[in-house]
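Heads up, the thing below is written out as structure tokens.
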Amino acid sequence: MRLCKKWGLSVHKDNQPLIFEITKEGRVGYSLPELDIPEVDLTSLLPDGLLREELAELPEVSELDIMRHYTALSKRNHGVDSGFYPLGSCTMKYNPKINESVARFPGFANIHPLQDEETVQGAMELMYDLQEHLIEITGMDEVTLQPAAGAHGEWTALMMIRAFHEANGDTQRTKVIVPDSAHGTNPASATVAGFDTITVKSDENGLVDLEDLKRVVGDDTAALMLTNPNTLGLFEENILEMASIIHGVGGKLYYDGANLNAVMSKARPGDMGFDCVHLNLHKTFTGPHGGGGPGSGPVGVKKDLIPFLPKPVLVKTEEGYEFDYNRPKSIGRVKPFYGNFGINVRAYTYIRSMGPDGLKAITEYAVLNANYMMRRLQPHFDLPYDRHCKHEFVLSGRRQKKLGVRTLDMAKRLLDFGYHPPTIYFPLNVEEAMMIEPTETESKETLDAFIDAMIQIAKEVEETPEIVQQAPHTTVIKRLDETKAARTPVLRYKKD
Amino acid sequence: MKHRYLPMTEQDQKDMLDTIGVSSIDELFSDIPEKVRFKGEYNIKPAKSESSLLKELSQMAAKNADNKTYASFLGAGVYDHYKPIIVDHVISRSEFYTAYTPYQPEISQGELQAIFEFQTMICELTGMDLANSSMYDGGTALAEAGMLAAGHTKRKKLLISGAVNPESQDVVRMYALGQSIEVVQIPTKDGVTDIDALNELIDDNTAAVLVQYPNFYGQVEDLRKVETVTHEAKALMVVSSNPLSLGILTSPGKLGADIVVGDAQPFGISESFGGPHCGYFAVTTKLMRKVPGRLVGETTDEVGRRGFVLTLQAREQHIRRDKATSNICSNQALNALAASVAMTALGKKGVQEIATQNILKTNYAKKAFEAQGFEVVYQGPHFNEIVVKADTDITVLTKELLKKGIIGGFDLGKVDDKLAGHVLIAVTEQRTKEEIDALVQEMGSFRA
Chain E
0 MRLCKKWGLS
10 VHKDNQPLIF
20 EITKEGRVGY
30 SLPELDIPEV
40 DLTSLLPDGL
50 LREELAELPE
60 VSELDIMRHY
70 TALSKRNHGV
80 DSGFYPLGSC
90 TMKYNPKINE
100 SVARFPGFAN
110 IHPLQDEETV
120 QGAMELMYDL
130 QEHLIEITGM
140 DEVTLQPAAG
150 AHGEWTALMM
160 IRAFHEANGD
170 TQRTKVIVPD
180 SAHGTNPASA
190 TVAGFDTITV
200 KSDENGLVDL
210 EDLKRVVGDD
220 TAALMLTNPN
230 TLGLFEENIL
240 EMASIIHGVG
250 GKLYYDGANL
260 NAVMSKARPG
270 DMGFDCVHLN
280 LHKTFTGPHG
290 GGGPGSGPVG
300 VKKDLIPFLP
310 KPVLVKTEEG
320 YEFDYNRPKS
330 IGRVKPFYGN
340 FGINVRAYTY
350 IRSMGPDGLK
360 AITEYAVLNA
370 NYMMRRLQPH
380 FDLPYDRHCK
390 HEFVLSGRRQ
400 KKLGVRTLDM
410 AKRLLDFGYH
420 PPTIYFPLNV
430 EEAMMIEPTE
440 TESKETLDAF
450 IDAMIQIAKE
460 VEETPEIVQQ
470 APHTTVIKRL
480 DETKAARTPV
490 LRYKKD
Chain D
0 MKHRYLPMTE
10 QDQKDMLDTI
20 GVSSIDELFS
30 DIPEKVRFKG
40 EYNIKPAKSE
50 SSLLKELSQM
60 AAKNADNKTY
70 ASFLGAGVYD
80 HYKPIIVDHV
90 ISRSEFYTAY
100 TPYQPEISQG
110 ELQAIFEFQT
120 MICELTGMDL
130 ANSSMYDGGT
140 ALAEAGMLAA
150 GHTKRKKLLI
160 SGAVNPESQD
170 VVRMYALGQS
180 IEVVQIPTKD
190 GVTDIDALNE
200 LIDDNTAAVL
210 VQYPNFYGQV
220 EDLRKVETVT
230 HEAKALMVVS
240 SNPLSLGILT
250 SPGKLGADIV
260 VGDAQPFGIS
270 ESFGGPHCGY
280 FAVTTKLMRK
290 VPGRLVGETT
300 DEVGRRGFVL
310 TLQAREQHIR
320 RDKATSNICS
330 NQALNALAAS
340 VAMTALGKKG
350 VQEIATQNIL
360 KTNYAKKAFE
370 AQGFEVVYQG
380 PHFNEIVVKA
390 DTDITVLTKE
400 LLKKGIIGGF
410 DLGKVDDKLA
420 GHVLIAVTEQ
430 RTKEEIDALV
440 QEMGSFRA
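One line per chain: the protein sequences are E and D, in this order. As numbered in numbering that gives the first Met the number 0, residues 0 to 495 make up the first sequence, in order. As numbered in numbering that gives the first Met the number 0, residues 0 to 447 make up the second sequence, in order.
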């Protein structure tokens with residue numbers, strides 16, 4: 000703040016300084032060895048305009064300055080380790096610390112993707128064994144680890160479906176069907192893969208309307224993309240009928256694995272009739288979430304899609320592990336190298352920490368936690384679909400809306416209790432939606448405390464709505480002007 | 000079952016089932032049709048305790064040759080650079096790595112501000128007006144740049160330099176296939192984009208010209224020539240750039256680039272067998288509303304305090320669905336943070352110094368190879384890579400070098416038949432004079 004004043008800026012006294020506002024010429028935060036070769040005049044190596052005239056204005060700060068800066072920032076951030084984070088559809092479970100240690104082993108962190116395969120057999124072994132585990136978990140026939148995240152996996156699988164249809168001469172299959180409750184990435188990925196999106200409606204039970212599905216399918220159907228359980232947290236009971244409708248017209252069934260935490264060891268996509276699946280290793284398999292990434296989005300496929308997998312394909316031979324590039328029908332490369340290996344190491348470590356009984360317990364406890372919360376909250380909020388949920392459930396704030404309090408307000412009020420709010424206003428087919436996913440790593444005490452907070456907020460809505468409408472009250476910053484941010488975008492710092 | 004990640008007790012379970020009004024957990028799964036029900040447990044390896052798993056996985060890791068043990072001269076898009084120790088300390092703060100996308104800005108100011116600073120640093124290095132919060136990697140960032148250009152110009156052809164990283168070229172072709180966009184490769188001449196050929200190929204259906212700076216062979220392209228041809232045809236100039244090199248090279252923005260992309264891996268991000276790294280994406284203001292992925296913007300709260308939010312979200316998949324500018328959702332936020340910390344630690348002077356050391360050490364290696372009688376095939380200005388004609392079977396050479404503690408360069412014959420017998424050698428600031436001398440001497444002794 001003192002520095003800001005020195006520059007004569009009219010800024011708020013409580014502003015958190017930017018790193019650029021604490022910089023001072025002459026300070027350094029690095030340690031490089033002295034150059035151990037003869038110095039040569041750079042202009043002789045970079046002639047004629049290639050040499051930068053003005054240096055990039057990066058900070059000049061000491062190591063302690065850096066640590067204090069980022070420590071201060073971290074205190075202004077809420078993670079799973081800070082408190083409960085029931086963000087629906089994101090599976091904000093505990094991120095085990097062993098994962099972080101293993102991913103930083105020099106033999107995993109400090110190897111180059113283009114090294115001689117003989118020198119990275121350990122890494123390839125891990126990848127292969129992870130694939131084998133994911134094949135068993137999904138009930139698929141083969142898995143690629145190449146896609147970088149869930150949406151990337153969606154697009155990869157759709158490109159494979161496209162190649163499959165084209166190989167059969169089915170070039171008229173230009174349409175991908177997605178339910179109205181689908182994640183936004185589904186239609187977006189379909190577009191990027193060159194398909195048109197057709198929306199299929201949900202019925203009164205929150206499930207895909209079979210009649211509507213029959214109406215929209217045809218010989219132009221390339222695929223149906225489906226999350227099961229869906230984004231309402233409900234299991235699509237008619238999955239086999241849906242599979243037969245789609246397969247009946249020659250389309251493929253695609254499984255969005257965002258909600259896999261709900262069905263592990265209970266129902267496998269491969270057994271439900273799905274032809275391909277993407278997983279979000281940063282969700283179900285404790286990636287971690289990283290503030291928005293990196294993720295990892297492996298894709299599993301049934302036999303008839305195997306030839307189209309991105310290359311290289313990791314194979315095991317008598318001599319060891321190899322990358323097979325000789326895949327004439329492969330769609331090609333969706334990403335440089337072999338995927339987000341570091342995230343895959345973490346997921347593998349997690350799976351090996353849990354074992355088969357652990358993976359089963361995860362799903363059972365995640366579903367038990369969600370149903371417990373749903374039943375305790377049911378008297379206080381509208382529950383649009385009154386049936387057992389899976390790992391998450393969706394409440395509606397329409398009762399509170401009638402009293403002048405929006406779901407957004409209640410979400411902001413939860414911040415005062417130290418919680419990250421649920422996913423709000425999604426799925427789109429529920430008014431004033433709140434999508435709550437507790438995960439299996441939270442204790443009953445944590446769930447109870449959160450439920451109590453929600454009940455108190457519901458009470459406040461009736462008695463003292465302004466407390467909720469004006470929330471949050473205890474955070475480092477109040478509600479921010481998003482309109483201003485969009486109307487007059489300031490996307491970088493400029494020294495003025 | 001008892002597990003350190005699962006706090007459920009038998010009593011909890013009983014109490015919760017009572018509240019729900021069911022007698023068993025199984026009842027909660029009664030909506031799964033019998034026919035698709037999975038019975039029993041997965042046929043996978045049994046759980047291991049923390050210490051036994053650590054031991055098994057450290058043995059697995061030890062089977063790999065890492066660059067802490069070996070002197071690595073491999074580059075080709077991924078590099079062994081100085082990673083300030085502080086990077087791991089910052090990104091290990093779990094308030095950062097156990098959070099997700101900052102949808103609730105009031106409790107996500109730390110992440111949002113860190114990304115705003117990242118965007119600023121990328122703008123500074125690239126000379127561009129704005130940058131997004133990150134992409135998966137340099138390859139997919141380049142592909143998205145091509146898609147943006149095609150959408151913006153409403154043209155259906157991309158010209159991509161043959162001196163762009165071949166893996167990135169493959170990724171561009173994949174994305175283009177989905178959008179029915181034609182991709183034509185521009186031939187190279189003397190290790191750089193052939194400007195005459197570019198002149199021949201460019202037409203009024205060309206959306207963009209994609210070049211790499213410094214390019215795949217380490218050569219620093221003359222962007223001014225590319226710019227003239229590109230903008231005359233009203234196409235966009237897309238430059239893929241190693242951001243570390245921009246500590247010393249004139250920024251692509253200053254040379255007229257419309258989109259600059261690349262991978263921030265050289266800044267504090269481990270090689271990690273190829274990922275996760277950190278793509279960046281920077282553009283001029285006129286393309287602001289077409290950028291893929293997340294943007295963090297500055298604003299104020301109700302009492303006038305500065306704060307940061309995700310902004311211009313009408314571009315994104317969760318709002319626009321099938322009309323979004325991209326399908327990207329999760330990005331590489333934690334690695335963008337790592338890159339920010341490294342860029343901050345290196346700072347204004349350090350980035351310049353480290354980039355200079357890369358050029359000088361590579362130049363030293365070049366002279367040493369030439370003194371040994373090797374041909375260094377491209378003689379234009381270079382950053383931290385050179386192409387050496389090895390005069391030997393590179394597969395054998397690589398294995399022999401490994402015995403001497405050296406991870407050799409990249410066998411260019413793997414990506415271009417014409418370059419069989421040539422090796423791409425990266426010399427970063429991490430390589431000592433002794434290591435460079437040893438490489439040159441060992442390669443000399445294996446010549447056919």
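Virtual Cβ for every residue (Gly too), placed ideally from N, Cα, C.
Below 8 Å between beta carbons: does that hold for residue i and residue j?
| i | j | result |
| --- | --- | --- |
| residue 232 of chain E | residue 391 of chain E | yes |
| residue 243 of chain D | residue 350 of chain D | yes |
| residue 119 of chain D | residue 19 of chain E | yes |
| residue 285 of chain E | residue 98 of chain E | yes |
| residue 518 of chain E | residue 320 of chain E | Past the boundaries of the shown model lies residue 518 of chain E; chain E is included only from 0 to 495, so the question cannot be answered. |
| residue 213 of chain D | residue 409 of chain D | no |
| residue 3 of chain D | residue 131 of chain D | no |
| residue 88 of chain E | residue 94 of chain D | no |
| residue 290 of chain E | residue 332 of chain D | yes |
| residue 488 of chain E | residue 296 of chain D | yes |
| residue 313 of chain E | residue 300 of chain E | no |
| residue 187 of chain E | residue 148 of chain D | no |
Pull up the distance between the alpha-carbon of residue i and that of residue j, whole angstroms please.
| i | j | result |
| --- | --- | --- |
| residue 248 of chain E | residue 56 of chain E | 59 Å |
| residue 185 of chain D | residue 100 of chain E | 45 Å |
| residue 297 of chain E | residue 149 of chain E | 8 Å |
| residue 433 of chain D | residue 365 of chain D | 15 Å |
| residue 345 of chain E | residue 494 of chain E | 41 Å |
| residue 137 of chain D | residue 386 of chain D | 22 Å |
| residue 247 of chain D | residue 222 of chain D | 15 Å |
| residue 24 of chain E | residue 64 of chain E | 13 Å |
| residue 5 of chain E | residue 113 of chain D | No answer about residue 5 of chain E holds up, because its pLDDT of 44 lies below 50 and its placement is not dependable. |
| residue 2 of chain E | residue 181 of chain D | Low confidence applies to residue 2 of chain E: its pLDDT is 42, below 50, so where it sits in the model is not reliable, and the reading given next is rough at best. About 53 Å. |
| residue 175 of chain D | residue 375 of chain D | 35 Å |
| residue 13 of chain E | residue 305 of chain D | 8 Å |
| residue 458 of chain D | residue 367 of chain D | The structure shown has nothing for residue 458 of chain D, since chain D only spans 0 to 447. |
| residue 112 of chain E | residue 283 of chain E | 26 Å |
| residue 445 of chain E | residue 121 of chain E | 40 Å |
| residue 179 of chain E | residue 201 of chain E | 7 Å |
| residue 267 of chain D | residue 335 of chain D | 10 Å |
For residue i, which residues does DSSP report across the bridge?
| i | result |
| --- | --- |
| residue 70 of chain D | D:405 |
| residue 195 of chain E | E:174 |
| residue 423 of chain E | E:433 |
| residue 158 of chain D | D:183, D:208 |
| residue 395 of chain E | E:381, E:432 |
| residue 322 of chain E | E:313 |
| residue 50 of chain E | D:248 |
| residue 222 of chain E | E:175, E:251 |
3 or more residues per run - each beta strand (DSSP E) lying fully within the region 234-305 of chain E = Those beta strand (DSSP E) runs which fall completely within the region 234-305 of chain E and span 3+ residues are 251-256, 275-278, 298-300.
Can at least three beta-carbon pairs, one atom from the region 68-79 of chain D and one from the region 267-278 of chain D, be found at a separation below 8 Å?
-> Taking 8 Å as the limit for Cβ pairs, the verdict is that the region 267-278 of chain D does touch the region 68-79 of chain D.
Could you give the uninterrupted runs of the beta strand (DSSP E) lying entirely in the region 255-324 of chain D, keeping only those of 3 residues or more?
-> As far as the region 255-324 of chain D is concerned, its whole beta strand (DSSP E) runs of at least 3 residues are 258-262, 278-282, 294-299, 305-310.
Would you mind listing the alpha helix (DSSP H) stretches within the region 96-140 of chain E that are 4+ residues and don't spill past its ends, in chain order?
-> Along the length of the region 96-140 of chain E, whole alpha helix (DSSP H) runs at least 4 residues long occupy 96-102, 105-108, 120-137, reported in chain order.
Curious, which full-length alpha helix (DSSP H) runs of at least 4 residues does the region 6-74 of chain D contain?
-> You should have 9-19, 49-61.
Please confirm if the region 206-223 of chain E is in contact with the region 405-416 of chain E, defined as three or more CB-CB distances below 8 Å between the two stretches.
-> Short answer: they don't touch.
The region 283-295 of chain D touching the region 335-354 of chain E, judged by at least three CB pairs closer than 8 Å = Taking 8 Å as the limit for Cβ pairs, the verdict is that the region 335-354 of chain E does not touch the region 283-295 of chain D.
Would you check if there are 3 or more beta carbon pairs closer than 8 Å linking the region 169-180 of chain D to the region 352-359 of chain D?
-> Counting C-beta pairs closer than 8 Å gives fewer than three between the region 169-180 of chain D and the region 352-359 of chain D, which falls short of the contact rule.
Enumerated in chain order, which unbroken segments of the alpha helix (DSSP H) with a length of 4 residues or greater are wholly contained in the region 180-253 of chain D?
-> With a minimum length of 4 residues, the continuous alpha helix (DSSP H) runs that stay inside the region 180-253 of chain D are 194-200, 222-231.
Jot down the residue ranges of each uninterrupted alpha helix (DSSP H) in the region 353-409 of chain D, minimum 4 residues, whole runs only, in chain order.
-> If you keep only unbroken alpha helix (DSSP H) runs of at least 4 residues inside the region 353-409 of chain D, you get 393-402.
Complete runs of the beta strand (DSSP E) confined to the region 53-77 of chain E [at least 3 residues] | For the region 53-77 of chain E, not one full-length beta strand (DSSP E) segment reaches 3 residues or more.
Any alpha helix (DSSP H) of 4 or more consecutive residues that is wholly inside the region 107-162 of chain D | As far as the region 107-162 of chain D is concerned, its whole alpha helix (DSSP H) runs of at least 4 residues are 108-125, 137-152.
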